[in-house]
Amino acid sequence: RVGTQPSTTPKTVEPLEYYRRFLKENCRPDGRELGEFRTTTVNIGSISTADGSALVKLGNTTVICGIKAEFAAPPTDAPDKGYVVPNVDLPPLCSSRFRSGPPGEEAQVASQFIADVIENSQIIQKEDLCISPGKLSWVLYCDIICLDYDGNILDACTFALLAALKNVQLPEVTINEETALAEVNLKKKSYLNIRTHPVATSFAVFDDTLLIVDPTGEEEHLATGTLTVVMDEEGKLCCLHKPGGSGLTGAKLQDCMSRAVTRHKEVKKLMDEVIKSMKPK
Amino acid sequence: MEGVMQTDAKMRTESGAESSPRGPGCSLRHFACEQNLLSRPDGSASFLQGVAEKSRERLIRNTCEAVVLGALHPRTSITVVLQVVSDAGSLLACCLNAACMALVDAGVPMRALFCGVTCALDSEGTLVLDPTAKQEKEARAILTFALDSVERKLLMSTTKGLYSDAELQQCLAAAQAASQHVFRFYRESLQRRYSKS
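These protein sequence lines are chains A and B, in that order. 222 is the number that this note's numbering gives to position 212 of the first sequence; each next residue is one higher, with no gaps. 185 is the number that this note's numbering gives to position 177 of the second sequence; each next residue is one higher, with no gaps.
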């Protein structure tokens with residue numbers, strides 16, 4: 011190639027070459043190492059009108075999750091279970107790539123991913139959401155909205171969902187025997203029984219060989235493949251999401267697993283700290 | 009219309025017994041393939057395995073995009089239409105196999121072939137490859153992989169259920185071994201097709 015000097019290639023002319031320069035030195039343009047996450051912050055319980063809420067920031071990526079609990083008739087094929095209905099919304103305000111209107115493919119895929127994580131990890135036992143078998147149960151509407159899209163949306167959404175679920179308080183409901191109506195006691199609230207803590211770790215594959223953790227929006231665009239691993243505290247995997255892209259060997263997968271284990275510890279520690287700081291004195 | 013060819017690709021288990029009823033181990037069900045059966049499109053294939061969305065579409069599309077040499081056909085749209093004739097379990101793996109065979113039949117340049125393999129883990133941790141619909145329902149975890157033909161690398165993976173890291177490696181190894189049989193079947197069916205004409 012005539013005229014391109016790697017030492018002075020600007021970012022806009024050859025973004026991939028610019029990037030490769032950093033990768034050669036085992037770091038990235040924002041100064042992170044290949045296995046380093048961006049600064050993660052979480053704010054729990056900020057939305058007072060929701061039954062549970064959490065705001066998660068992964069660098070610039072900002073995602074908020076709000077949970078509303080409502081009554082519903084239990085499903086006919088499972089009369090002792092409730093529902094958890096997740097929905098991920100990627101509005102035009104978070105990135106110029108999204109247009110207003112019905113949810114695009116990325117939002118639908120993210121919603122399906124969150125639904126799979128809830129289902130596979132058994133984060134809540136659906137039987138806990140049942141009030142009266144066959145008659146009344148809780149349905150938790152989990153709305154996850156992205157406020158700023160800078161890559162790694164799946165990790166942020168999973169963390170926001172987990173933190174918001176830990177924040178949910180459901181009032182006690184009793185069925186009046188005579189009137190058969192539900193009586194809600196708002197003074198007596200209890201937290202949900204969160205059985206496992208699934209944490210997602212996403213990787214981007216570069217040039218079929220290099221794996222970097224927590225890709226930004228630009229890195230996702232330049233990557234040749236992505237991989238998301240969702241792990242719980244016992245090291246059990248509830249999701250291995252690799253939607254095509256360059257191939258990975260078994261050994262590389264193993265490296266991803268070990269990084270996911272350390273990430274789980276980081277996230278759990280952060281969340282426990284925030285929840286502890288919120289307890290009424 | 010090209011002739012229909014049914015290639016019997018039954019696999020023998022380690023002990024040498026016939027693979028029906030299937031026990032645990034790397035046994036795949038009988039599969040057959042028919043190519044060029046539709047006259048309108050450039051290439052078509054029906055893939056029969058066993059006597060059995062936006063998310064699935066994306067998985068198949070991304071797998072094809074990773075393998076197809078798109079740079080050789082700029083400003084070209086390649087549409088892959090998959091019609092489910094019957095679902096007896098391992099549907100996504102069957103879709104991937106059909107997509108690969110159809111792309112080969114159409115003469116689309118690819119850097120490798122790919123195949124889909126499904127593994128199911130039951131409550132005791134026994135591995136079953138290519139599960140039937142019933143086995144899928146009773147399984148604790150179902151893992152579907154797409155592997156490439158050159159180095160058996162993992163192109164696509166989607167999983168359902170809870171499983172450990174060790175079980176994942178075990179399933180991946182079993183899937184890589186089973187993929188060899190699928191690729192051999194591809195080769196044989198293509199050889200038969202082109203040797204007749």
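Yeah, the Cβ is synthetic: ideal placement off N, Cα and C, and Gly gets one too.
Cutoff 7 angstroms: residue i Cβ touching any chain A Cβ
{"i": "LYS231 of chain B", "result": "Any property of residue 231 of chain B remains undetermined from this structure, which presents chain B solely from 9 to 205."}
{"i": "ASP173 of chain B", "result": "yes"}
{"i": "ARG64 of chain B", "result": "no"}
{"i": "LEU67 of chain B", "result": "yes"}
{"i": "ALA185 of chain B", "result": "no"}
{"i": "VAL190 of chain B", "result": "no"}
{"i": "SER85 of chain B", "result": "no"}
{"i": "LEU56 of chain B", "result": "Caution is warranted here: a pLDDT of 46 is assigned to LEU56 of chain B, below 50, making its placement in the model unreliable, and the coordinate value is therefore given only provisionally. No - not a single Cβ of chain A is within 7 angstroms of the one on LEU56 of chain B."}
{"i": "ARG30 of chain B", "result": "Unreliable positioning characterises ARG30 of chain B in this predicted model, as indicated by a pLDDT of 46, which lies under 50. The coordinate reading is nonetheless provided below. With 7 angstroms as the cut-off, ARG30 of chain B does not count as an interface residue toward chain A."}
is_contact[residue i, chain B] using C-beta, thresh 7 angstroms
{"i": "LYS252 of chain A", "result": "yes"}
{"i": "GLY144 of chain A", "result": "no"}
{"i": "GLU116 of chain A", "result": "no"}
{"i": "LEU26 of chain A", "result": "no"}
{"i": "GLN135 of chain A", "result": "no"}
{"i": "GLY227 of chain A", "result": "no"}
{"i": "ILE171 of chain A", "result": "For clarity, residue 171 of chain A is Leu in the given sequence; the question names Ile instead. So no, LEU171 of chain A is outside the interface."}
{"i": "MET267 of chain A", "result": "yes"}
{"i": "GLN293 of chain A", "result": "Because chain A spans 11 through 291 in this model, residue 293 of chain A falls outside it and cannot be assessed."}
{"i": "GLY260 of chain A", "result": "yes"}
{"i": "CYS152 of chain A", "result": "no"}
{"i": "VAL119 of chain A", "result": "yes"}
Contact set between residue i and chain B, taken where Cβ atoms lie within less than 7 angstroms
{"i": "ASN130 of chain A", "result": "LYS168, GLY169 and LEU170"}
Beta-bridge pairing of residue i - partner residues as DSSP gives them
{"i": "SER200 of chain A", "result": "A:LEU180"}
{"i": "ASN186 of chain A", "result": "ASN186 of chain A pairs with nothing; no bridge assigned."}
{"i": "ALA293 of chain A", "result": "This structure gives no information on residue 293 of chain A, because the portion of chain A shown stretches from 11 to 291."}
{"i": "HIS251 of chain A", "result": "A:THR238"}
{"i": "VAL194 of chain A", "result": "A:VAL183"}
{"i": "ALA149 of chain B", "result": "B:LEU129 and B:GLY169"}
{"i": "THR50 of chain A", "result": "A:LEU68"}
{"i": "LEU155 of chain B", "result": "B:CYS123 and B:LEU162"}
{"i": "MET118 of chain B", "result": "B:VAL76"}
{"i": "GLY62 of chain A", "result": "A:ILE77"}
{"i": "GLU43 of chain A", "result": "A:CYS37"}
{"i": "VAL209 of chain A", "result": "A:MET241"}
{"i": "LYS21 of chain A", "result": "According to DSSP, which records beta bridges pairwise, LYS21 of chain A is partnered with nothing at all."}
For residue i, the first and last residue of its enclosing beta strand (DSSP E)
{"i": "LEU163 of chain B", "result": "162-169"}
{"i": "GLU80 of chain A", "result": "71-82"}
{"i": "ASN97 of chain A", "result": "93-99"}
{"i": "PHE32 of chain A", "result": "Run containing PHE32 of chain A: none in the beta strand (DSSP E); it sits in the alpha helix (DSSP H), 25-34."}
{"i": "LYS145 of chain B", "result": "No beta strand (DSSP E) holds LYS145 of chain B; the alpha helix (DSSP H) holding it covers 141-146."}
Residue interval of the alpha helix (DSSP H) (run including residue i)
{"i": "GLY227 of chain A", "result": "227-232"}
{"i": "GLY260 of chain A", "result": "260-288"}
{"i": "ILE68 of chain B", "result": "62-75"}
{"i": "SER187 of chain B", "result": "173-204"}
Contacts of residue i in chain A (Cβ-Cβ under 9 angstroms)
{"i": "ALA74 of chain B", "result": "THR234, GLY235, GLY254, GLY255, SER256 and GLY257"}
{"i": "THR71 of chain B", "result": "PRO253, GLY254 and GLY255"}
Beta-carbon neighbours of residue i, restricted to chain B and to distances below 8 angstroms
{"i": "LEU263 of chain A", "result": "LEU162, LEU176, GLN177 and LEU180"}
{"i": "ASP126 of chain A", "result": "LYS168"}
Beta-carbon neighbours of residue i, restricted to chain A and to distances below 8 angstroms
{"i": "GLU156 of chain B", "result": "Just to set this straight, residue 156 of chain B is Asp in the shown sequence, not Glu. Here the neighbours are GLY257."}
Within chain B, partners of residue i - CB distance below 9 angstroms
{"i": "GLY245 of chain A", "result": "SER172 and ASP173"}
{"i": "VAL66 of chain A", "result": "In chain order: nothing, as chain B lies at least about 23 angstroms away."}
Chain-ordered neighbours of residue i on chain C, where CB pairs are closer than 9 angstroms
{"i": "SER131 of chain B", "result": "In the displayed structure, chain C is absent; the protein chains listed are A and B."}
Interface partners of residue i on chain A, CB under 7 angstroms
{"i": "SER165 of chain B", "result": "LEU250 and LYS252"}
Any non-hydrogen atom of the ligand GTP within 6 angstroms of residue i CB
{"i": "LYS275 of chain A", "result": "By its list of ligands, the structure shown contains no ligand whatsoever, and the ligand GTP lies outside what it can speak to."}
> In chain order, which beta strand (DSSP E) runs of at least 3 residues are fully inside the region 113-171 of chain A?
Replying inline: 140-142 and 146-158, all fully within the region 113-171 of chain A.
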